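To start, the structure itself, in C-alpha coordinates.
In C-alpha coordinates form, the structure reads like this:
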(Lines of atoms letter the chains of each structure in order from A and count residues from 1; the text may use other names and numbers.)
(Lines give C-alpha, C1' and ligand atoms only; values in the text may rest on other atoms or scores of the structure.)
Protein backbone atom coordinates (compact mmCIF):
# COMPACT_ATOMS: atom_id res chain seq x y z
CA UNK A 1 0.00 0.00 0.00
CA UNK A 2 2.97 2.29 -0.58
CA UNK A 3 4.62 3.93 2.42
CA UNK A 4 3.62 2.35 5.71
CA UNK A 5 4.23 2.57 9.42
CA UNK A 6 7.18 1.00 11.13
CA UNK A 7 7.22 -2.22 13.06
CA UNK A 8 5.08 -2.69 16.15
CA UNK A 9 6.81 -1.55 19.31
CA UNK A 10 6.97 -4.37 21.84
CA UNK A 11 6.31 -3.63 25.47
CA UNK A 12 4.89 -0.12 25.13
CA UNK A 13 1.33 -1.09 26.01
CA UNK A 14 -0.14 -0.26 22.60
CA UNK A 15 -0.06 -3.72 21.11
CA UNK A 16 -3.03 -5.98 20.68
CA UNK A 17 -1.40 -8.97 22.41
CA UNK A 18 -3.68 -8.65 25.42
CA UNK A 19 -6.93 -6.82 25.88
CA UNK A 20 -7.59 -4.16 28.49
CA UNK A 21 -9.53 -4.85 31.65
CA UNK A 22 -12.25 -2.22 32.10
CA UNK A 23 -13.82 -1.25 35.42
CA UNK A 24 -16.12 1.63 36.33
CA UNK A 25 -17.40 2.75 39.72
CA UNK A 26 -20.16 5.33 40.00
CA UNK A 27 -18.93 6.87 36.75
CA UNK A 28 -20.90 9.91 35.67
CA UNK A 29 -20.84 12.94 33.41
CA UNK A 30 -22.75 16.17 33.91
CA UNK A 31 -22.52 18.88 31.29
CA UNK A 32 -23.77 22.45 30.96
CA UNK A 33 -27.24 21.14 30.07
CA UNK A 34 -27.48 18.57 32.86
CA UNK A 35 -26.76 14.90 33.46
CA UNK A 36 -25.48 12.89 30.50
CA UNK A 37 -25.00 9.56 32.30
CA UNK A 38 -24.56 8.59 35.94
CA UNK A 39 -23.92 5.73 38.37
CA UNK A 40 -22.22 3.48 35.82
CA UNK A 41 -20.73 0.50 37.64
CA UNK A 42 -19.33 -2.65 36.02
CA UNK A 43 -16.22 -4.79 35.77
CA UNK A 44 -15.11 -6.53 32.56
CA UNK A 45 -12.05 -8.76 32.15
CA UNK A 46 -9.66 -8.37 29.26
CA UNK A 47 -11.02 -9.74 25.99
CA UNK A 48 -14.66 -9.01 26.88
CA UNK A 49 -17.37 -7.92 24.46
CA UNK A 50 -18.98 -5.02 26.35
CA UNK A 51 -22.26 -3.64 25.05
CA UNK A 52 -23.35 -0.16 26.12
CA UNK A 53 -27.07 -0.57 25.59
CA UNK A 54 -29.61 2.22 25.55
CA UNK A 55 -31.90 4.25 23.31
CA UNK A 56 -30.60 7.16 21.29
CA UNK A 57 -30.04 10.10 23.62
CA UNK A 58 -29.32 7.98 26.69
CA UNK A 59 -25.63 8.92 26.86
CA UNK A 60 -24.24 5.70 25.41
CA UNK A 61 -21.93 7.47 22.91
CA UNK A 62 -20.63 9.81 25.60
CA UNK A 63 -19.94 6.83 27.86
CA UNK A 64 -18.08 5.10 25.03
CA UNK A 65 -15.95 8.20 24.45
CA UNK A 66 -15.32 8.59 28.18
CA UNK A 67 -14.12 5.00 28.56
CA UNK A 68 -11.66 5.46 25.68
CA UNK A 69 -10.14 8.61 27.13
CA UNK A 70 -11.79 11.03 24.70
CA UNK A 71 -14.01 12.74 27.27
CA UNK A 72 -13.47 13.76 30.89
CA UNK A 73 -16.08 12.51 33.34
CA UNK A 74 -17.24 14.54 36.32
CA UNK A 75 -17.94 11.91 38.98
CA UNK A 76 -16.74 8.46 39.97
CA UNK A 77 -13.84 6.80 38.20
CA UNK A 78 -12.89 4.05 35.76
CA UNK A 79 -9.77 1.95 35.20
CA UNK A 80 -8.89 0.92 31.64
CA UNK A 81 -5.87 -1.28 31.08
CA UNK A 82 -4.47 -0.24 34.44
CA UNK A 83 -4.92 3.48 33.76
CA UNK A 84 -7.30 5.45 35.97
CA UNK A 85 -9.84 7.83 34.53
CA UNK A 86 -10.40 10.72 34.40
CA UNK A 87 -6.79 11.42 35.45
CA UNK A 88 -4.94 9.42 32.76
CA UNK A 89 -6.84 10.32 29.61
CA UNK A 90 -3.78 10.33 27.34
CA UNK A 91 -2.62 6.92 28.59
CA UNK A 92 -6.05 5.41 27.89
CA UNK A 93 -6.09 6.95 24.41
CA UNK A 94 -2.78 5.22 23.70
CA UNK A 95 -4.21 1.77 24.44
CA UNK A 96 -7.61 2.29 22.81
CA UNK A 97 -8.88 2.94 19.30
CA UNK A 98 -12.16 4.16 17.83
CA UNK A 99 -13.73 2.18 15.04
CA UNK A 100 -16.91 3.56 13.55
CA UNK A 101 -18.04 6.55 15.63
CA UNK A 102 -20.18 8.95 13.57
CA UNK A 103 -18.96 12.52 13.73
CA UNK A 104 -15.56 11.49 15.10
CA UNK A 105 -14.01 8.84 12.83
CA UNK A 106 -15.98 9.33 9.64
CA UNK A 107 -14.37 7.89 6.52
CA UNK A 108 -13.66 10.10 3.50
CA UNK A 109 -16.38 9.29 0.95
CA UNK A 110 -14.38 10.56 -2.04
CA UNK A 111 -11.38 8.32 -1.39
CA UNK A 112 -10.98 4.78 -2.62
CA UNK A 113 -10.61 2.05 -0.02
CA UNK A 114 -6.93 1.73 -0.93
CA UNK A 115 -6.41 5.48 -0.55
CA UNK A 116 -8.23 5.51 2.81
CA UNK A 117 -5.98 2.74 4.11
CA UNK A 118 -2.85 4.35 2.73
CA UNK A 119 -3.74 7.67 4.37
CA UNK A 120 -4.27 6.03 7.73
CA UNK A 121 -1.02 4.11 7.53
CA UNK A 122 0.89 7.27 6.67
CA UNK A 123 -0.72 9.05 9.61
CA UNK A 124 0.32 6.25 11.93
CA UNK A 125 3.85 6.44 10.61
CA UNK A 126 3.90 10.19 11.22
CA UNK A 127 2.41 10.25 14.72
CA UNK A 128 3.07 6.76 16.12
CA UNK A 129 6.66 6.38 15.00
CA UNK A 130 9.37 5.25 17.38
CA UNK A 131 13.00 6.34 17.42
CA UNK A 132 14.06 2.73 16.95
CA UNK A 133 12.19 2.58 13.65
CA UNK A 134 14.45 5.26 12.20
CA UNK A 135 17.26 2.70 12.21
CA UNK A 136 15.16 -0.13 10.75
CA UNK A 137 15.85 -0.88 7.06
CA UNK A 138 13.02 0.43 4.84
CA UNK A 139 12.36 -2.99 3.31
CA UNK A 140 11.90 -4.49 6.76
CA UNK A 141 9.57 -1.67 7.81
CA UNK A 142 7.51 -2.11 4.66
CA UNK A 143 7.20 -5.86 5.19
CA UNK A 144 6.14 -5.38 8.80
CA UNK A 145 3.60 -2.75 7.77
CA UNK A 146 2.16 -4.97 5.06
CA UNK A 147 1.84 -7.82 7.55
CA UNK A 148 0.06 -5.53 10.01
CA UNK A 149 -2.33 -4.33 7.30
CA UNK A 150 -3.10 -7.88 6.17
CA UNK A 151 -3.72 -8.94 9.76
CA UNK A 152 -6.07 -6.00 10.37
CA UNK A 153 -8.06 -6.65 7.20
CA UNK A 154 -8.32 -10.34 8.06
CA UNK A 155 -9.48 -9.59 11.61
CA UNK A 156 -12.14 -7.23 10.22
CA UNK A 157 -13.25 -9.79 7.64
CA UNK A 158 -12.68 -7.35 4.77
CA UNK A 159 -11.52 -8.88 1.48
CA UNK A 160 -10.54 -6.01 -0.78
CA UNK A 161 -10.71 -8.15 -3.92
CA UNK A 162 -14.37 -8.97 -3.21
CA UNK A 163 -15.40 -5.31 -3.40
CA UNK A 164 -17.16 -4.14 -6.60
CA UNK A 165 -14.02 -2.44 -7.93
CA UNK A 166 -11.52 -4.09 -5.64
CA UNK A 167 -9.28 -1.73 -3.66
CA UNK A 168 -10.30 1.08 -6.05
CA UNK A 169 -13.90 1.00 -4.79
CA UNK A 170 -14.90 4.39 -3.43
CA UNK A 171 -15.74 4.58 0.24
CA UNK A 172 -19.11 6.17 -0.63
CA UNK A 173 -20.00 3.04 -2.61
CA UNK A 174 -19.45 0.64 0.25
CA UNK A 175 -22.38 -1.13 1.86
CA UNK A 176 -22.87 -0.18 5.51
CA UNK A 177 -21.46 -3.49 6.77
CA UNK A 178 -18.42 -3.15 4.51
CA UNK A 179 -17.89 0.40 5.81
CA UNK A 180 -18.00 -0.93 9.37
CA UNK A 181 -15.41 -3.58 8.50
CA UNK A 182 -13.15 -0.91 6.97
CA UNK A 183 -13.43 1.28 10.07
CA UNK A 184 -12.59 -1.67 12.30
CA UNK A 185 -9.62 -2.63 10.12
CA UNK A 186 -8.26 0.93 10.32
CA UNK A 187 -8.67 0.96 14.11
CA UNK A 188 -6.87 -2.37 14.43
CA UNK A 189 -3.84 -1.05 12.55
CA UNK A 190 -2.66 0.43 15.84
CA UNK A 191 -3.03 -2.94 17.61
CA UNK A 192 -5.17 -1.47 20.42
CA UNK A 193 -6.00 -3.23 23.64
CA UNK A 194 -9.50 -1.71 23.55
CA UNK A 195 -11.61 -1.21 20.41
CA UNK A 196 -14.72 1.00 20.56
CA UNK A 197 -17.54 1.03 18.00
CA UNK A 198 -20.69 3.16 18.10
CA UNK A 199 -24.21 2.47 16.81
CA UNK A 200 -23.72 -1.23 16.10
CA UNK A 201 -26.68 -2.54 14.14
CA UNK A 202 -27.95 0.89 13.09
CA UNK A 203 -29.58 0.74 9.64
CA UNK A 204 -28.56 -2.90 9.24
CA UNK A 205 -30.88 -5.76 8.37
CA UNK A 206 -31.13 -8.48 11.01
CA UNK A 207 -28.69 -10.80 9.24
CA UNK A 208 -26.23 -7.94 8.70
CA UNK A 209 -26.48 -6.90 12.34
CA UNK A 210 -25.72 -10.50 13.25
CA UNK A 211 -22.61 -10.37 11.07
CA UNK A 212 -21.55 -7.10 12.70
CA UNK A 213 -21.77 -8.64 16.15
CA UNK A 214 -19.97 -11.76 14.92
CA UNK A 215 -17.16 -9.51 13.73
CA UNK A 216 -16.86 -7.75 17.09
CA UNK A 217 -17.14 -11.06 18.93
CA UNK A 218 -14.26 -12.50 16.88
CA UNK A 219 -12.08 -9.46 17.68
CA UNK A 220 -12.81 -9.96 21.38
CA UNK A 221 -12.10 -13.68 21.17
CA UNK A 222 -8.71 -12.86 19.63
CA UNK A 223 -7.87 -10.92 22.80
CA UNK A 224 -8.82 -7.28 22.17
CA UNK A 225 -11.47 -5.92 24.52
CA UNK A 226 -14.42 -4.54 22.52
CA UNK A 227 -16.70 -1.71 23.65
CA UNK A 228 -19.82 -1.39 21.51
CA UNK A 229 -22.69 1.09 21.85
CA UNK A 230 -26.05 -0.14 20.62
CA UNK A 231 -29.80 -0.05 21.14
CA UNK A 232 -30.07 -3.81 21.66
CA UNK A 233 -27.21 -5.99 22.85
CA UNK A 234 -26.73 -9.67 21.97
CA UNK A 235 -27.38 -12.11 24.76
CA UNK A 236 -23.74 -13.15 25.16
CA UNK A 237 -22.37 -9.62 25.66
CA UNK A 238 -21.53 -8.09 29.01
CA UNK A 239 -24.25 -5.45 28.95
CA UNK A 240 -24.13 -2.03 30.59
CA UNK A 241 -27.47 -0.23 30.39
CA UNK A 242 -27.57 3.52 29.88
CA UNK A 243 -31.26 3.88 29.13
CA UNK A 244 -34.66 3.33 30.73
CA UNK A 245 -35.45 -0.26 31.65
CA UNK A 246 -38.58 -1.81 30.10
CA UNK A 247 -41.73 -1.75 32.20
CA UNK A 248 -41.62 -4.46 34.86
CA UNK A 249 -37.92 -5.13 34.35
CA UNK A 250 -35.07 -4.13 36.62
CA UNK A 251 -31.92 -2.45 35.39
CA UNK A 252 -28.52 -4.00 36.08
CA UNK A 253 -26.06 -1.15 36.47
CA UNK A 254 -23.21 -3.37 37.66
CA UNK A 255 -22.29 -5.09 34.42
CA UNK A 256 -25.58 -6.31 33.19
CA UNK A 257 -26.46 -9.48 31.43
CA UNK A 258 -23.62 -11.82 30.65
CA UNK A 259 -21.60 -10.88 33.74
CA UNK A 260 -23.45 -12.98 36.26
CA UNK A 261 -23.90 -10.11 38.70
CA UNK A 262 -26.98 -9.47 40.77
CA UNK A 263 -29.37 -6.93 39.39
CA UNK A 264 -29.40 -3.48 40.94
CA UNK A 265 -32.36 -1.16 41.35
CA UNK A 266 -33.81 0.56 38.33
CA UNK A 267 -32.84 4.19 37.89
CA UNK A 268 -34.38 6.88 35.73
CA UNK A 269 -31.37 8.21 33.78
CA UNK A 270 -30.91 11.69 32.44
CA UNK A 271 -31.48 12.37 28.79
CA UNK A 272 -28.72 13.51 26.48
CA UNK A 273 -29.78 16.52 24.44
CA UNK A 274 -28.53 17.44 20.98
CA UNK A 275 -26.39 20.09 22.64
CA UNK A 276 -24.79 17.48 24.91
CA UNK A 277 -24.01 15.33 21.89
CA UNK A 278 -22.46 18.25 20.02
CA UNK A 279 -20.32 19.11 23.05
CA UNK A 280 -19.25 15.47 23.32
CA UNK A 281 -18.23 15.17 19.69
CA UNK A 282 -16.32 18.44 19.77
CA UNK A 283 -14.44 17.29 22.84
CA UNK A 284 -13.67 13.92 21.26
CA UNK A 285 -12.34 15.52 18.08
CA UNK A 286 -10.04 17.73 20.15
CA UNK A 287 -8.78 14.62 21.96
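Residue numbers (this note's numbering): 153 to 439.
Note that the Cβ used here is the ideal one computed from N, Cα and C, for glycine as well.
Here the structure is a predicted model, which is why all the values come from computation and not from measurement.
For this session: Would you mind reading off the limits of the alpha helix (DSSP H) that contains residue 241?
Result: 241-247
For this session: Using the Cα positions of residue 260 and residue 306, report the straight-line distance between them to the nearest angstrom.
Result: 22 Å
Exercise. Excluding the five sequence neighbours on either side, which residues of its own chain have a C-beta within less than 6 Å of the C-beta of residue 398, listed in chain order?
Worked result: With a pLDDT of only 38 at residue 398, under the threshold of 50, the placement of this residue in the model should not be trusted, and no figure is reported.
For this session: Taking all protein chains shown into account, decide if residue 384 is buried (16 or more other Cβ within 10 angstroms of its Cβ) or exposed.
Result: exposed
For this session: Can you have a look at residue 324 and say buried or exposed, based on whether 16 or more other CB atoms are within 10 angstroms of its CB?
Result: exposed
Exercise. How far does the beta strand (DSSP E) with residue 203 in it reach, from first residue to last?
Worked result: 201-205
Problem set entry | residue 171 in three-state terms, based on DSSP | coil
For this session: Check residue 373 in the structure and name its three-state DSSP category.
Result: helix
For this session: Quick one: residues in its chain with C-beta nearer than 6 Å to the C-beta of residue 289, no 5 flanking neighbours on either side, listed in chain order?
Result: none
Exercise. What separation, rounded to the nearest whole angstrom, lies between the Cα atoms of residue 264 and residue 270?
Worked result: 10 Å
For this session: Identify every run of the alpha helix (DSSP H) within the segment 277-331, keeping only runs that are complete inside it and at least 4 residues long; order them along the chain.
Result: 290-308
Problem set entry | Under 8 Å between C-beta atoms of residue 391 and residue 189 | no
Exercise. What residue range is occupied by the uninterrupted alpha helix (DSSP H) comprising residue 391?
Worked result: That residue, residue 391, is in no alpha helix (DSSP H); its beta strand (DSSP E) goes 390-393.
For this session: Whole angstroms is fine: what's the gap from residue 175's alpha carbon to residue 361's?
Result: 27 Å
For this session: Mark residue 330 as exposed unless 16 or more other C-beta atoms lie within 10 angstroms of its C-beta, in which case mark it buried.
Result: buried
Exercise. When DSSP labels each residue in this structure, what does residue 213 get in the three-state scheme?
Worked result: helix
Exercise. Skipping 5 residues on each side, what residues in its chain have a beta carbon closer than 7 Å to that of residue 355?
Worked result: 328
For this session: Give me the Cα-Cα distance between residue 340 and residue 370, rounded to the nearest whole angstrom.
Result: 13 Å
For this session: Output the distance between the C-alpha atoms of residue 359 and residue 320, rounded to the nearest integer angstrom.
Result: 27 Å
Exercise. Do you know how far the Cα of residue 353 is from the Cα of residue 335?
Worked result: 14 Å
Exercise. Sorted by chain position, which residues of the same chain lie with C-beta nearer than 6 Å to residue 249's C-beta, five sequence neighbours on each side aside?
Worked result: 339, 342, 344, 347
For this session: Taking only the alpha-carbon atoms, compute the straight-line gap between residue 211 and residue 309 and give it to the nearest angstrom.
Result: 30 Å
For this session: Determine the extent of the beta strand (DSSP E) in which residue 256 is found, giving its start and end residues.
Result: Note, residue 256: premise wrong, no beta strand (DSSP E); not H, not E.
Exercise. What residue does the beta strand (DSSP E) around residue 352 start on, and which one ends it?
Worked result: Residue 352 -> no beta strand (DSSP E), and no H or E assigned at all.
Exercise. In terms of alpha-carbon separation, which member of 314, 239, 267, 364 lies closest to residue 227?
Worked result: 239
Exercise. Considering only C-alpha positions, which residue in the set 274, 266, 207, 253 is nearest to residue 218?
Worked result: 253
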